[in-house]
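In our numbering, the protein residues as written are 3 to 260.
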Ligand SMILES: Nc1ncnc2c1ncn2[C@@H]1O[C@H](COP(=O)(O)OP(=O)(O)O)[C@@H](O)[C@H]1O
Ligand SMILES: [Mg+2]
């Protein structure tokens, strides 16, 4: 049956290069409302660059990116307004050290979106509750663990009520015991129907959270599919090799830890 959900993001023939290095080479992608796309691929294949292009942070050399039929262009006047539709979370959590957790979460809604303070605070508290950190409301970032800080960063992104969340290896800098608490928050968001594009190396999480997996290499989508098929029976040799290397490394690092 045809997917009736509205297309919120449309990437057409995107080309992005840094000098002679063509990183993204004619990439097409459509994302529908409520879809969770997981992007995987070897280091340096352009995953971060793709997310940065979607956010209008990179000048592109060809093609176009449409968010709700509006063109994302870093040089256009309305880029700030378009960017508010995207909630980006990176590996590093850049919280303001001299502001409390609730202040960190409510700053942009109050200052940028000019939302009434009481409303922003009430919503900020609801978001902190949702990521399990309401009791840290008046603490400062230095008093929190890495996993807690990353959950605050997620709450802060959600506070802007973005249409799409872009997550770039958000657990890569965390100690292993903190990875789960962060990924659980994302699994909840997925169940609630949040549209997300997620770059991750956590394969079991990818399998659990994705509606669609995209395997990127050499500037192209080499393979895409539903996780049940992609992870158990990849169609391309390259995806098979990648997954195999991955399992091997995962098994090895596990063995080394022991
Ligand atoms: N600002 C930049 N200037 C020059 N080259 C860059 C820049 N950012 C990324 N690259 C190059 O683009 C390629 C893709 O990088 P990246 O998107 O970070 O890959 P990934 O996130 O998949 O590991 C790499 O070859 C990288 O060296
Ligand atoms: Mg990256």
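Where a beta carbon is used, it is the ideal one built from N, C-alpha and C, also for glycine. A quick note: this is a predicted structure, and the numbers were derived from the prediction, not measured.
Is residue i close to ligand 2? I mean its beta-carbon at under 7 angstroms from any heavy atom of the ligand.
i	result
residue 94	no
residue 171	yes
Indicate, with yes or no, if ligand 1 has a heavy atom lying under 7 angstroms from the CB of residue i.
i	result
residue 25	yes
residue 274	There is no way to answer for residue 274, as the model of the chain reaches only from 3 to 260.
residue 48	yes
residue 43	yes
residue 244	no
residue 197	no
residue 232	no
residue 20	yes
residue 51	yes
Compare the Cα-Cα distances from residue i to each of the options and report the closest residue.
i	options	result
residue 174	200, 189, 163, 167	200
residue 204	195, 194, 215, 197	215
residue 14	45, 157, 71	71
residue 164	11, 176, 93	11
residue 279	137, 185, 161, 22	The structure shown does not extend to residue 279, since the chain spans only 3 to 260, so no value can be given for it.
residue 65	58, 57, 16	16
residue 8	57, 23, 68	68
residue 217	22, 44, 18, 21	44
residue 57	231, 82, 94	82
residue 198	46, 160, 178, 249	160
residue 110	143, 94, 155	155
residue 292	18, 212, 112	Any answer about residue 292 is impossible in this case: the structure gives the chain only from 3 up to 260.
residue 94	46, 147, 116	147
Hey, how far is the Cα of residue i from the Cα of residue j?
i	j	result
residue 228	residue 120	42 angstroms
residue 245	residue 42	10 angstroms
residue 235	residue 106	44 angstroms
residue 210	residue 189	8 angstroms
residue 32	residue 101	38 angstroms
residue 62	residue 222	15 angstroms
residue 259	residue 182	In this prediction, residue 259 scores a pLDDT of 42, lower than 50, which makes its location untrustworthy; the coordinate-derived value is nonetheless stated afterwards. Answer to the nearest angstrom: the Cα atoms are 18 angstroms apart.
residue 172	residue 37	19 angstroms
residue 240	residue 233	13 angstroms
residue 195	residue 158	18 angstroms
residue 84	residue 114	13 angstroms
residue 193	residue 135	20 angstroms
residue 141	residue 104	8 angstroms
residue 149	residue 220	33 angstroms
residue 139	residue 123	10 angstroms
residue 133	residue 22	43 angstroms
residue 207	residue 187	12 angstroms
residue 4	residue 35	14 angstroms
residue 97	residue 176	16 angstroms
residue 99	residue 39	32 angstroms
residue 224	residue 231	15 angstroms
residue 144	residue 118	28 angstroms
Hey, quick one: how far does the alpha helix (DSSP H) through residue i stretch, first residue to last?
i	result
residue 182	178 to 193
residue 233	229 to 234
residue 153	148 to 161
residue 265	The requested residue 265 is not part of the displayed model; the chain covers only 3 to 260.
residue 53	49 to 56
residue 92	It is not in any alpha helix (DSSP H) - residue 92 carries neither H nor E in the DSSP assignment.
residue 207	205 to 211
residue 13	Note, residue 13: premise wrong, no alpha helix (DSSP H); beta strand (DSSP E) at 9 to 20.
Just curious, the beta strand (DSSP E) that residue i is in, first and last residue?
i	result
residue 197	197 to 201
residue 41	38 to 42
residue 23	23 to 34
residue 219	214 to 219
Taking three-plus beta-carbon pairs below 8 angstroms as touching, is the segment 20 to 35 in contact with the segment 73 to 88?
In short, these stretches do not touch, since the Cβ pair count stays below three.
Three CB pairs or more closer than 8 angstroms across the segment 51 to 63 and the segment 163 to 172
Touching, yes, given that three or more Cβ pairs across the two stretches are closer than 8 angstroms.
Segment contact, 8 angstroms Cβ cut-off, at least three pairs: the segment 87 to 95 with the segment 127 to 135:
No contact exists between the segment 87 to 95 and the segment 127 to 135.
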